[in-house]
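K.L.:
Here it is, the structure in full.
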Amino acid sequence: MNTRKDFESKLGKPIYSFTLYEKLKRVTISLDSKDYPILMVSFDIHADHETTILEKIIPFVEKELR
Numbered sequence: 003m004n005t006r007k008d009f010e011s012k013l014g015k016p017i018y019s020f021t022l023y024e025k026l027k028r029v030t031i032s033l034d035s036k037d038y039p040i041l042m043v044s045f046d047i048h049a050d051h052e053t054t055i056l057e058k059i060i061p062f063v064e065k066e067l068r
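Residue numbers for the sequence shown, in the working numbering: 3 to 68.
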């Protein structure tokens, strides 16, 4: 049983996964690349991670992986 794949068929492809630690925020972004399947980024605890991911990181990565 592959729970992630089961949910993906119902909810759509994941864009990123977020973990909040006591001292930082960590985000894992799925990439459409065989050589580099994920990108892990750490943020300061007070950073606006969502805007940075959606407006800067993902557009940049999509452009570079074309």
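In this text, a Cβ means the ideal position worked out from N, Cα and C, and glycines have one as well.
Please look up how many angstroms separate the CB atoms of Val29 and Phe45, rounded, as I've assumed it's under 8 angstroms.
P.N.:
The Cβ separation is near 7 angstroms, so the contact holds.
K.L.:
Which residues mark the beginning and the end of the alpha helix (DSSP H) in which Lys27 is found?
P.N.:
Run containing Lys27: none in the alpha helix (DSSP H); it sits in the beta strand (DSSP E), 26-32.
K.L.:
State the DSSP-derived secondary structure class of Asp8, mapped to helix, strand or coil.
P.N.:
In the structure shown, Asp8 sits in a helix (DSSP, three-state: H, G or I).
K.L.:
What first and last residue would you give for the alpha helix (DSSP H) that runs through Ile59?
P.N.:
No alpha helix (DSSP H) contains Ile59, which DSSP labels as neither H nor E.
K.L.:
For Leu41, collect the residues of the same chain with a Cβ closer than 7 angstroms to its Cβ; drop the 5 residues on either side in sequence, then sort them by chain order.
P.N.:
Result list for Leu41: Ile31, Leu33, Val63, in chain order.
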